[in-house]
Amino acid sequence: MSTKEKLTQSLKEAMKARDERRKRVVRMAMTSIKNTEIDKKGELDEPDVLAILQKEVKARHETIEGAQKAGRDDLIAEAEAEIAILEEYLPKALSREELKALVEEAIAEAGATSPKEMGQVMKVLMPKVRGRADGKEANQIVRELLG
Numbered sequence: 117m118s119t120k121e122k123l124t125q126s127l128k129e130a131m132k133a134r135d136e137r138r139k140r141v142v143r144m145a146m147t148s149i150k151n152t153e154i155d156k157k158g159e160l161d162e163p164d165v166l167a168i169l170q171k172e173v174k175a176r177h178e179t180i181e182g183a184q185k186a187g188r189d190d191l192i193a194e195a196e197a198e199i200a201i202l203e204e205y206l207p208k209a210l211s212r213e214e215l216k217a218l219v220e221e222a223i224a225e226a227g228a229t230s231p232k233e234m235g236q237v238m239k240v241l242m243p244k245v246r247g248r249a250d251g252k253e254a255n256q257i258v259r260e261l262l263g
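Count along the sequence shown from 1, add 116, and you get the number used in the working numbering.
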């Protein structure tokens, strides 16, 4: 079952259970996916759907950071609950060690030897980790290994 199908099924279940938070979060995720499909004029493949969900999780983390600075515990709790719901649809995140192994493979595949070739490594790496690792963290590991 694809992630989009899981989201649709989950929305139906949330509506039956009258789970307002889950219903709102799943609808928001489905809307983001639909808007991206409209922009791209076609169906999204699974990695693109996962990337959108990951982007939504990242937005919630940014909300938490802002709420912490403002001392808004209510917003922090709400964002954490939304993150928990969204993460149910994402594959298990790669550990730093797993990500490092994939970066090493990508470096070998790209034949990179210096930080100047970082773009080539990222081009090889990102399709392999999309939806399972943060691009910023992957970028950081590539810098460490090439630098």
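Ideal Cβ positions, reconstructed from N, Cα and C, are used throughout, including at glycine.
Check whether the Cβ atoms of residue i and residue j sit closer than 8 Å, and answer yes or no.
i: LYS126; j: VAL142; result: Inspection of the sequence shows that residue 126 is occupied by Ser rather than by Lys. Result yes, Cβ atoms of SER126 and VAL142 sit closer than 8 Å.
i: GLU153; j: GLU159; result: yes
i: GLU198; j: ARG176; result: yes
i: LYS262; j: PRO231; result: Sequence inspection shows Leu at residue 262; the Lys mentioned does not correspond to that position. Against a cut-off of 8 Å, the Cβ pair of PRO231 and LEU262 comes out as a contact.
i: LEU215; j: GLU253; result: yes
i: ALA167; j: ARG246; result: yes
i: ALA130; j: LYS122; result: no
i: LYS120; j: ILE149; result: yes
Taking all protein chains shown into account, decide if residue i is buried (16 or more other Cβ within 10 angstroms of its Cβ) or exposed.
i: GLU181; result: exposed
i: ALA145; result: buried
i: ALA228; result: buried
i: GLU172; result: buried
i: ARG137; result: exposed
i: ALA222; result: buried
i: ALA195; result: buried
Which same chain residues end up closer than 7 Å to residue i when comparing Cβ atoms and leaving out the 5 residues on each side of it in sequence?
i: LEU191; result: THR179, ALA183
i: ARG248; result: PRO207, ALA209, LEU210
i: GLY251; result: MET242
i: ALA88; result: This structure does not reach residue 88, given that the chain is present from 117 up to 263, and the question cannot be answered.
What distance in whole Å lies between the Cβ atoms of residue j and residue i, which are believed to be in contact at a cut-off of 8 Å?
i: GLU233; j: ALA226; result: 7 Å
i: LEU241; j: LEU218; result: 6 Å
Please go through the same chain and pick out, in chain order, the residues whose beta-carbon is closer than 6 Å to the beta-carbon of residue i, but skip the five residues on each side of it.
i: VAL237; result: ALA222, ILE223, ALA226, ALA228, VAL258
i: ASP164; result: none
i: ARG212; result: none
Who are the Cβ neighbours of residue i in its own chain at under 8 Å, not counting the five residues just before and after it?
i: GLU220; result: LEU261
Using 8 Å as the limit for Cβ to Cβ distance, is residue i near chain D?
i: LYS122; result: No chain D appears in this structure, which consists of one protein chain only.
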